[in-house]
Structure formats: C-alpha cells, structure tokens
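Engineer: The structure under discussion is supplied below as structure tokens; questions concerning it will follow.
Number of protein chains: 2
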Amino acid sequence: MVQRQERQGMDFIAVDWGSTRFRAWSLDSDGQVRDSTESDTGLKAVTDGAFEAVLMAACGDWMASDPALPILMSGMVGSRAGWKEAPYCPCPADMADISAAAIGFDVAGHPAAILPGATCDDARGHADVMRGEEVQIFGAAELLGLTDAAICIPGTHAKWARLAGGRLTGFETHMTGEIFALLRSQSLVGALAEGDADDPQAFLDGVDHGMAVPVPHAAFAARADALQGRLPATSVSAFLSGVLIGGELAHRPDADETILLATGVLADRYAAALDHLGTAVRKVDAKEATRAGQVRAAAALWPGRVGA
Amino acid sequence: MVQRQERQGMDFIAVDWGSTRFRAWSLDSDGQVRDSTESDTGLKAVTDGAFEAVLMAACGDWMASDPALPILMSGMVGSRAGWKEAPYCPCPADMADISAAAIGFDVAGHPAAILPGATCDDARGHADVMRGEEVQIFGAAELLGLTDAAICIPGTHAKWARLAGGRLTGFETHMTGEIFALLRSQSLVGALAEGDADDPQAFLDGVDHGMAVPVPHAAFAARADALQGRLPATSVSAFLSGVLIGGELAHRPDADETILLATGVLADRYAAALDHLGTAVRKVDAKEATRAGQVRAAAALWPGRVGA
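Taken in order, these protein sequences are the chains called U and Z. Going left to right, the first sequence walks through residues 1 to 308 as this note's numbering numbers them. Going left to right, the second sequence walks through residues 309 to 616 as this note's numbering numbers them.
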C-alpha cells in the first residue's frame, strides 16, 4: 500500500496505456515519481469498455488523496479500440500542438485527458501513425536538451522519427518486431532455428544483408545458408533479427547521431548495428522519456497545477 | 482406371513431388501425356518415410505395364526431409549438369532418379536454393525456344531466375507468399482487412510503395492509410499483395521481358505489375514447363529410352 505521506505534493497521474501493458505514475510538480504501478491490463485485457474501472482499480488510492488531481493518458487508450478516440495530430507538431489536440473529459470528478498520437504523410501520400511514442520522443528530447534529433524506438512496430527545431517533422514505422516474431515462430525459415542466443557476427551479417536487398529476400538467406551448412541453427535467430533491423537502417534518417529509446538486448543490438555503420548512439530509458513527455504535456494542459 | 492401350509407347514417369502436392504423369517418348494423377500426398503427408508406398499407390499401374519404365522425380522429395537427399547443383548449370547430379536408385526394379535442385551464391556470399523450380525454368525455356531469359515463378517462396546461354546463372528467392499469408492472417495490418477482393489501383499503389521503401515499412502503410480513411478495409489485402510483389520487383533482373510461370489471379497480378513498369510479359503454364523440363532431364539420364 502507498503511504499517505508519499502523496504530498503529487501533482498529476501519468498513464501510459498500450495494447498489452498498463503503466501509471503519480508525479509531483517537478516530474519526480512518488509512486508507480504496472500491469498487463492493456487494451486487449479490457472487456466491455471497462476502462474507468481498470483505471480506478490501479490509481483509485492516488485519486482519493486529492479530488482535483488531473489524469493524463497516452498510447492506444486513445485509439478507436480504446477508451475515447483522440484523432491523430498531424506533423509537423510540437508538444503544445499535441497537448492542444488532447481529448478532455471527467473521471469521477477528476480532469482527465487522452493525448492524440501523431500522423504524417510520406512523399507518395501514404500515412504513418503513432500513439504514445510521440510523448516519448518529446520526453527524450527534453531529457537530452535537444531540439534536433533522429530518434529510434525499437519494438513490435519500430519508429524512426525526426525532430527539427523542437517539432516532430516526420517518422516511419517498420513492422520489425511483429514480422520477426512471425518469421521466427511460424515460417519455414524459423523452422530451421534453434533457440534465440546472440551471435554478434551473424547479427551484423544479417544487418548488412537486410540493408542491401529486400527483407523478404534477405530473410530467406537464413534458410539457404543453414541448409548449405554456412549458418549454425543456433545463429539463425540472430541473423534474422539483423535482417529486419537492416531493413530499418537502409531507410533511416540522415543524421550523425541516433537517440535510441531502448534498454536490454534490443538496445544492445541496435547500438551494435549503428556502431557498425559508424553512427553515434545515445540511449535513453523509454519509461523515463515517457514520464518527461507526460510532464511537458500536463504542464501545457494544466499550467496552474503542473510546473513546466 | 487407365486403359491398357493408353500405356503403349509410354516411356517414363515424371513426378513433381513437393511439400504439399504430389503430381505424376506417364509420358510417351515425345513428352506427350498419356495419363496423369495428382493428390495432396506431399512430403508433409508422408509418414515414417513411406515414400515408395505413396509412389506405388499412385503410379503402380503404370509401373506394372512395363517393368523397365524409368521414374524421374523433382522437387522437395530430394530434400533432407524427403526420400533421398540430392545435394543442390551449383550454378551456373545447364540441364545436363542438373541431370548428371541426380541421385539414381531402384524402385521395385525400375530405374529411378531424383533431381538435385540448384544453388547459387550472391555478391555477399549468401546462398540461395531451389528444388523443382530449376526443372520448370529449363522446361519453360525449351517451350519458348529461349536460351537467355529472366524468369519469375510466383508462390510461397517466389523465384526470380536468370538464364544465359542456356545456363541457369543465378536466382533470388523472395518469401512473398509466406510473408503475405502471415501478415494477412495474423498481423495488426491484416486485422484491418476485410476479404481478399481485387482492387487494381490499391494493388499498384502497393507495388510502387513496396518498390520505393523497405517492405516492413511499406506494409504498415496499409494500416495507417486504413486508419486515416484513405484505404478501404476491402482493399487492404490487394495493397498488401502489391507491397510484397513490389519488394521483388525492386530487385528483379535487368531485362526487357519477363517469363512468368503462373496462371490465375497471381499471374494476372504479376503481369499487371510488370506492365505498370513497362516490362513485357510472356506467361507459361507451370505444369507444362515442369513436364517439358522433366522430358529434357529424362532424355539426358536414359538416352536410349526417352527421346530428346
């Protein structure tokens, strides 16, 4: 249980509510964490639209401590399948534009808002979309004191974003994590793989191959090389991971440095691939970036309540 | 049942034995079809290595009509998971090289052979492999009277091959059909799709996008465009098909004409995409190409028995 004294000075509740995870923090006016909670009650686990009940169960104690405590939410909770749809904010956009497009409503007397995500168009008129990552991007820039940056957020749907003059000018989504998982677990290529151990050389070979030729061709080399005895079964997974990440890197923004919002094995792999290409990397913890971005948005939405 | 008189002059049995399908023909010395059979007893349906029993059940009557009738097999039956492993024949190779690398053995007193498939290396030292398609490629060239050609065989693992001076000089596999099926049925992009109706404009938009940017990024546009109301749910499948085929076309051999071994919707889609790029197309029926290739291989293996 949360100690009552921990709630003193807490100025808003930040919620990062995605498809599979629910994360919430009670933050003070300086953006410091007073308390936090995390669970697997992502959108997929919320039945019959019971979003308010899930939120109250997780954050009810914090809400009870202050009847006017604001609640800021970002992520898929603002999608069509979420609590309330917050239409994507078009790029270029800064944090003020994103905040201004939030959907405001009332939750048990508390002022609440859902941030809208962001959208952009490419040269051929195709759309791209993100929900939640825009908060991380602005948060990372805030933490690093940057207004211009190339930012990569690895994951199921990896994002590569460009920040210029403090504005999110455009981004690309790559279905890297989702396609890797499908190929690894269900394809004829994955059928030859044994385990998912790291193999730095096989991984970088995969990166080079995925950058040089189309991913659906490059991925097949894992099978052909394995059949021809050139790639151990235990290295197929690392090679395949390299191929998918190589596909991203072939299309990455032109920048000397990449800001990487990741931790763990995935962060190490992206850092190794970028280093292989001679690109400098700075890693930022994605959760810290989320909180920093939420504080900026909350300060814009409730200026008297939350310090900028 | 086959009439006895139909077996007169029949000079060998051609078998195309893949992962999911078993196809066999009794062919006369001119390569004309006297009889045929087809079933779903591909490799996946053969248990406990009972390949001979499956073959006898399908072709036993033909074999009984002539105790010396040769049996020629191609496809995955020669893989490690097949009847007998026939190691891949390295490119460049002509039909004589492929035939010379066949694995010969005896089936109930009949001379039998399994063709070896083909392998090649790319500029980065990665292998590629095919089993069965090499027979179709040489067969198509025979049917069209060509010694130089760019040949495309769509499918689960689509092949793009180059024939020069009558030799298979190299080829690339693209996991087009397999990745399309995975994305269509199990990904967050496919989740927005309704049906698989054709939409020529959405398909060609997908081709352009898949040629211009990496496939794992291009595929996500199906989701983003659908969410933004630019792509009807009923056109997501056609767009996605275009993206995958566009990935192949970005990497296709440099040639004015493409020989397309396909029929039906897939042939129409590839033809539309190639026409969109200003490339001439000649379609060849894949089964006819298989038979023509088998006749060439059989003539090389059993010259006294089968006419060239």
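For glycine and all other residues, C-beta sits at the position ideal for the given N, C-alpha and C. These figures come from a predicted structure and were not determined experimentally.
Kindly identify the DSSP beta-bridge partner or partners of lysine 591 (chain Z).
Structural biologist: Z:Leu568
Engineer: With distances taken between CB atoms, is the gap from leucine 609 (chain Z) to alanine 410 (chain Z) smaller than 8 angstroms?
Structural biologist: yes
Engineer: List, in chain order, every chain U residue whose beta-carbon is nearer than 7 angstroms to that of aspartate 516 (chain Z).
Structural biologist: Arg124
Engineer: Residues of chain U with a CB under 7 angstroms from the CB of glycine 293 (chain Z): which are they?
Structural biologist: The question about residue 293 (chain Z) has no answer here: the residues shown for chain Z are numbered 309 through 616.
Engineer: Could you tell me how far apart the beta carbons of valine 135 (chain U) and threonine 119 (chain U) are, in whole angstroms, since I believe they sit closer than 8 angstroms?
Structural biologist: Valine 135 (chain U) to threonine 119 (chain U), Cβ: 15 angstroms. No contact.
Engineer: For a contact defined as C-beta to C-beta under 7 angstroms, what are the partners of aspartate 336 (chain Z) on chain U?
Structural biologist: Here the premise fails: no neighbours, minimum Cβ distance about 36 angstroms.
Engineer: Do you know how far the Cα of valine 592 (chain Z) is from the Cα of alanine 448 (chain Z)?
Structural biologist: Each residue's Cα considered, the two are about 7 angstroms apart.
Engineer: Please report the distance separating the alpha-carbon of alanine 570 (chain Z) from that of tryptophan 17 (chain U).
Structural biologist: 47 angstroms
Engineer: Beta-carbon of phenylalanine 511 (chain Z) versus every beta-carbon of chain U: anything under 8 angstroms?
Structural biologist: no
Engineer: One question on the structure: do glutamine 602 (chain Z) and alanine 322 (chain Z) come within less than 8 angstroms of each other, judged by their Cβ atoms?
Structural biologist: yes
Engineer: Quick check on the DSSP output: the beta strand (DSSP E) that includes histidine 559 (chain Z) runs from which residue to which?
Structural biologist: Element bounds for histidine 559 (chain Z): n/a, residue is neither H nor E.
Engineer: Give the list of continuous alpha helix (DSSP H) stretches no shorter than 4 residues that lie fully inside the region 94-152 of chain U.
Structural biologist: 95-100 and 133-144, all fully within the region 94-152 of chain U.
Engineer: Under 9 angstroms Cβ-Cβ, which residues of chain U neighbour glycine 555 (chain Z)?
Structural biologist: Pro214, Val215, Pro216 and His217
Engineer: By DSSP's criteria, aspartate 324 (chain Z) is part of a beta bridge. Which residues make up the other side?
Structural biologist: Z:Arg331 and Z:Ser382
Engineer: Output the distance between the C-alpha atoms of valine 354 (chain Z) and isoleucine 553 (chain Z), rounded to the nearest integer angstrom.
Structural biologist: 32 angstroms
Engineer: Using a Cβ cut-off of 8 angstroms, pull out every chain U residue sitting near alanine 435 (chain Z), in sequence order please.
Structural biologist: Near alanine 435 (chain Z) (Cβ distances below 8 angstroms), the residues of chain U are Ala221, Ala224, Asp225, Leu227, Gln228 and Arg230.
Engineer: Under 8 angstroms between the Cβ atoms of proline 561 (chain Z) and alanine 458 (chain Z)?
Structural biologist: Yes. Within cutoff.
Engineer: With burial defined as no fewer than 16 other Cβ atoms inside 10 Å of the residue's Cβ, what is the status of serine 39 (chain U): buried or exposed?
Structural biologist: exposed
Engineer: Using a Cβ cut-off of 8 angstroms (strictly closer), state whether glutamate 486 (chain Z) contacts chain U.
Structural biologist: yes
Engineer: Nearest by alpha-carbon distance to phenylalanine 479 (chain Z): which of Z:Arg470, Z:Ile487 and Z:Glu486 is it?
Structural biologist: For phenylalanine 479 (chain Z), the closest of Z:Arg470, Z:Ile487 and Z:Glu486 by C-alpha to C-alpha distance is Z:Arg470.
Engineer: Which residues in chain Z sit within 7 angstroms of histidine 157 (chain U), going by Cβ to Cβ distance?
Structural biologist: Phe528
Engineer: If you run the structure through DSSP and keep just helix, strand and coil, what is histidine 482 (chain Z)?
Structural biologist: strand
Engineer: Buried or exposed: which applies to alanine 297 (chain U), given that a residue is buried once 16 or more other Cβ atoms fall within 10 Å of its Cβ?
Structural biologist: buried
Engineer: Since arginine 34 (chain U) is in the beta strand (DSSP E), which residue starts that stretch and which ends it?
Structural biologist: 33-39
Engineer: Looking at the secondary structure, which residues open and close the alpha helix (DSSP H) in which tryptophan 468 (chain Z) lies?
Structural biologist: Counting along the chain, tryptophan 468 (chain Z) falls outside any alpha helix (DSSP H), though it belongs to the beta strand (DSSP E) covering 466-472.
Engineer: Considering only DSSP beta bridges, list what arginine 184 (chain U) is partnered with.
Structural biologist: Arginine 184 (chain U) is not bridged to any residue.
Engineer: Using a Cβ cut-off of 7 angstroms, pull out every chain Z residue sitting near glutamate 172 (chain U), in sequence order please.
Structural biologist: His525
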